[in-house]
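1 is the number of the first residue of the sequence shown in the UniProt record's numbering; add one for each residue after it.
Idealized CB from N, CA, C, for every residue including glycine.
Worksheet: the structure to be examined is printed underneath.
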Amino acid sequence: MDQPRYIPRSLLPLLSTTLNVGLALGGYVTTTAFSDPNYSGPAIAAWFKDFFEPGFISVTTIGALTFGGGIWSFWSHRSRKDHQRSRAVSCWSLAGLGFTVLHFTFGNQVLSIMDSILSNPDQAQPHMARWISLHITRTLVADVPAWFCYIAALLYEI
1 MDQPRYIPRS LLPLLSTTLN VGLALGGYVT TTAFSDPNYS GPAIAAWFKD
51 FFEPGFISVT TIGALTFGGG IWSFWSHRSR KDHQRSRAVS CWSLAGLGFT
101 VLHFTFGNQV LSIMDSILSN PDQAQPHMAR WISLHITRTL VADVPAWFCY
151 IAALLYEI
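Below, the structure written as structure tokens:
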């Protein structure tokens, strides 16, 4: 008799975090061009105005999926304390959740930079350097570690 197929519970947060890291890399690639002083501040502001809302919606949606999937993965394995692998999945999922939350703690800084760029387009160039620096920092200290945690959770689960 065939066994029912099992979809690992840590797969959803891994997939959504993978998308988030991909968006972060894409964001880095597209914004570094604006660090060239030949781009005018108003051009940078116009690009951010068109980019920020859809980007914000994408990142927030992916973050919500990661957060919800991470809780599901953590909680469903937490109840099986007797199994060592389940405990590892639970621990790695909890660590991934922590890094996912850390990503969103950068929100006020992101909004501050966006406000500076959009409210004073002629002075957008110096704020662009802050944006790129913040983006790199957030990706390296929150997004990539969360991704590695969910990879570890999935490897223990399968």
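Taking the Cα positions, valine 101 is about 8 angstroms away from phenylalanine 67.
Taking C-beta separations shorter than 8 angstroms and ignoring five residues to either side along the sequence, proline 54 has no partners in its chain. As summarised for the segment 18 to 98, the continuous alpha helix (DSSP H) elements at least 4 residues long and confined to that stretch are 41 to 78, given in chain order. Pairing glycine 41 with isoleucine 113 gives a Cβ-Cβ distance that is not under 9 angstroms. Scanning Phe52, Ile62 and Val29 for the CA closest to the CA of asparagine 20 turns up Ile62. Residue Pro121 holds the alpha-carbon nearest to the alpha-carbon of lysine 49 among Tyr156, Leu140 and Pro121. The Cβ-Cβ distance between tyrosine 6 and threonine 139 does not fall below 9 angstroms.
Minimum Cα-Cα distance from alanine 33 among the listed residues Trp131, Gly107, Thr105 and Tyr150 corresponds to Trp131.
If you look at isoleucine 117, you'll find it in the alpha helix (DSSP H) that goes 107 to 119. A distance below 7 angstroms between beta-carbons, with the five flanking residues on each side excluded, links proline 8 to the following residues of its chain, in chain order: Leu154, Glu157 and Ile158.
Less than 9 angstroms divides the Cβ of phenylalanine 99 from the Cβ of aspartate 143.
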